[in-house]
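If you read the sequence shown in full-length UniProt numbering, its first letter stands for residue 1, the second for the next number, and so on.
A short write-up of the structure that comes next.
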Amino acid sequence: RWPLNVTEDGQIRATESLDREEFYEYQLTVAIVNHVASPQLSSVAELIVQVLDVNDNSPEFVFPPRRGASISISAGHRLGDEVTRIEARDRDEFSNITYTLVGGSGSAFFELDRFSGQVRLVHELSPGQHELVIRADDNVEYSRSVQTSLFINVTHYGGLGIGQLKDVHVNLSIIVGMIIVTGVVSVGLVSAIVCVRRRSQSRGSGSGSSGGGGHHGGCGGSLSSSPECDKDHCQCRASLPDPDAADP
């Protein structure tokens, strides 16, 4: 439906509300006809109607995406570190969004940059949960604002990167991966130890059965003569008596 109408007396009127976010301008072709004169004369003109923007939209938070969202960060962050970043957008033209930390238990530990939305650490952390209550203003005529809240969970573990909503899932994946790797390495070590022990036992059995004479007892066996045992090579040698040295 066309939202503009041209009356016979030359007035351009809107037949419904206009929204700049939908259409910021309209092009009209207007014909002017002189019905009184003879011959009738006419003329055509092109008109462009521009819709001025009014502040009819409040800012919308991009991050955090919803009120009460939470992120996880490490307690190892240093003072001045950026731990996360707030972001909001406005559908109205010429908006200039600024951010304000208006309250919450975390206001003593973090500061919020008014223009960039950076959340920085200003006080040493200990494990726990901190809430930030944040307001975004569009700073145009008839200014509009919106508030949200963000929970920051401080943990013992984790890296020193900027906190995101998926940090908890990432840390959980890392822990599960470490458990799996540790299990695989442990099974491999146990298998290697078992193989080495079996190989050592096989070598020991082979050395014992290859001892001298017809006896299979290895170095601990006894021969009809006085045996001499080479302990270094685990082989037995028998010394037989000299028949010439026997008594007549």
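Where is the CB? At the ideal position from N, CA and C, for every residue including glycine.
| said: Looking only at its chain, what residues have a beta carbon closer than 7 Å to the beta carbon of Gly128, apart from the 5 residues adjacent to it on each side? | reply: Hits under 7 Å: Val154.
| field | C-beta contact flag for Tyr26 and Val51 at 9 Å | value | Contact annotation: Tyr26 and Val51 have beta-carbon atoms nearer than 9 Å.
| message | For Asp137 and Asp92, which I take to be in contact (beta-carbon distance under 8 Å), what is that distance rounded to the nearest angstrom? | response | Approximately 12 Å separates the beta-carbon atoms of Asp137 and Asp92; this is outside 8 Å, ruling out the contact.
| C-alpha gap between Val168 and Ile152, whole angstroms | A caution first: Val168 carries a pLDDT of 45, below 50, which makes its placement in the model too unreliable to give a value.
| said: Could you compute how far the alpha carbon of Leu189 sits from the alpha carbon of Gly183? | reply: Rounded to whole angstroms, Leu189 to Gly183 spans 10 Å at the Cα level.
| query | Relative to the C-alpha of Glu82, which residue among Val133, Pro65 and Arg120 is closest? | reply | Ranked by Cα distance from Glu82, the first of Val133, Pro65 and Arg120 is Arg120.
| field | Assigned secondary structure, Ile179 (DSSP; H/G/I helix, E/B strand, else coil) | value | DSSP places Ile179 in the helix class (H, G or I) of the three-state scheme.
| request: Output the distance between the C-alpha atoms of residue 274 and Ile97, rounded to the nearest integer angstrom. | output: The chain is shown from 1 up to 248; residue 274 falls before or after that span and cannot be answered.
| request: Look up Gln50 in the DSSP assignment and give the residues it is bridged to. | output: In the DSSP assignment, Gln50 forms a beta bridge with Glu25.
| query | Where does the unbroken beta strand (DSSP E) through Ser105 begin, and where does it stop? | reply | No beta strand (DSSP E) holds Ser105; DSSP gives it neither H nor E.
| Per DSSP, what kind of secondary structure is Leu79 in: helix, strand or coil? | Leu79: coil per DSSP, three-state reduction.
| task | Between the Cα of Val49 and those of Phe23, Ser58, Arg66 and Gly68, spot the shortest distance and give me the residue it belongs to. | result | Checked all of Phe23, Ser58, Arg66 and Gly68; the closest Cα to Val49 is Phe23.
| said: One question on the structure: do Ser149 and Ile134 come within less than 9 Å of each other, judged by their Cβ atoms? | reply: In this structure, the beta-carbon distance from Ser149 to Ile134 falls below 9 Å.
| query | When the Cα atoms are used, what is the spatial distance from Asp53 to Tyr142? | reply | Near 12 Å, if we compare the C-alpha coordinates of Tyr142 and Asp53.
| said: Check for me: the beta strand (DSSP E) holding Glu16 runs from which residue to which? | reply: Where Glu16 is concerned, there is no enclosing beta strand (DSSP E), given that its DSSP letter is neither H nor E.
| field | Opposing strand residues paired with Leu4 [DSSP bridges] | value | DSSP output for Leu4 lists Ala14 as bridge partner(s).
| message | Can you list, in chain order, the residues of its chain with a C-beta nearer than 8 Å to that of Val140? Leave out the 5 residues immediately preceding and following it. | response | Exclusion of the five residues before and after Val140 leaves Asn55, Asp92, Phe94, Ser95 and Asn96 as the residues of its chain whose Cβ lies within less than 8 Å of its Cβ.
| Going by the beta-carbon positions, is the gap between Arg144 and Ser58 smaller than 9 Å? | With contacts defined as CB atoms closer than 9 Å, Arg144 and Ser58 qualify as a contacting pair.
| message | When you compare the CB positions of Thr29 and Glu8, do they come within less than 9 Å of one another, or not? | response | In this structure, Glu8 does not lie closer than 9 Å to Thr29 by Cβ.
| task | Would you mind stating whether Gly104 and Glu131 have Cβ atoms separated by less than 9 Å? | result | Yes, these two residues count as a Cβ contact at 9 Å.
| said: Please classify Pro65 as buried or exposed, where buried requires at least 16 neighbouring CB atoms within 10 angstroms. | reply: With fewer than 16 neighbouring CB atoms inside 10 Å of its own CB, Pro65 falls in the exposed class.
| message | Taking its Cβ as the centre, do 16 or more other Cβ atoms sit within 10 Å of Gly106, making it buried, or is it exposed? | response | Buried: at least 16 other Cβ atoms inside 10 Å.
| query | Secondary structure at Leu189, three-state DSSP: helix, strand or coil? | reply | In the displayed model, Leu189 falls within a helix according to three-state DSSP.
| query | Any idea if His123 is buried or exposed, counting beta-carbon neighbours within 10 angstroms, 16 or more meaning buried? | reply | The residue is exposed, with fewer than 16 neighbouring Cβ atoms inside 10 Å.
| query | When DSSP labels each residue in this structure, what does Ser43 get in the three-state scheme? | reply | When DSSP states are grouped into helix, strand and coil, Ser43 belongs to the strand group.
| task | For Gly10, count neighbouring C-beta atoms within 10 Å of its own C-beta (all shown protein chains included) and say buried if the count is 16 or more, exposed if not. | result | Under this definition Gly10 is an exposed residue.
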